[in-house]
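Q: Take the sequence shown: its letters are residues -17 to -1, 1 to 68, numbered as in mature numbering (1 follows the signal peptide of the UniProt record, and there is no 0). Below: one structure in structure tokens.
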Amino acid sequence: MMLIECFFFSLIHQAWFMDDCNEDKRLPHHLNPHQFVSPDQLAELGVLYWNLNLKDYENDAEMQKIREDRGYNYTVSYINWERIF
């Protein structure tokens, strides 16, 4: 119950506490009843997230600013296009 799963779909952000089931980790593993985490709770935990232009993320101005501000000199990205669009 300590883990938080984050799911980003289009412009909807959801994060929730997970059950401690050892089944397929690709499944959502919601608690019953579902226990979502608010953006304020995520901020308190230090979770950062941004809305980026996924179709051109390599040239996205916000992505460039994040890399500049945080001193990142590399990009590691995996986008599951079938799941997003």
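From the three backbone atoms N, C-alpha and C, an ideal C-beta is built for every residue, glycine too.
With distances taken between CB atoms, is the gap from phenylalanine 19 to tryptophan -2 smaller than 8 Å?
A: In contact: phenylalanine 19 and tryptophan -2 (Cβ atoms closer than 8 Å).
Q: Checking 8 Å against the spacing of the C-beta atoms, do aspartate 3 and histidine 13 come in under that value?
A: No, these two residues do not count as a Cβ contact at 8 Å.
Q: Which of the three DSSP states, helix, strand or coil, is assigned to glutamine 18?
A: DSSP places glutamine 18 in coil when its eight states are reduced to three.
Q: How many Å lie between phenylalanine -10 and histidine 17 at the Cα?
A: Confidence in phenylalanine -10 is poor, its pLDDT being 46 and thus under 50, which makes the residue's placement unreliable; the coordinate value appears in the next sentence. Spanning the two alpha carbons is a distance of roughly 17 Å.
Q: To the nearest angstrom, how far is it from the Cα of lysine 38 to the Cα of tyrosine 55?
A: Whole-angstrom Cα-Cα distance: 21 Å.
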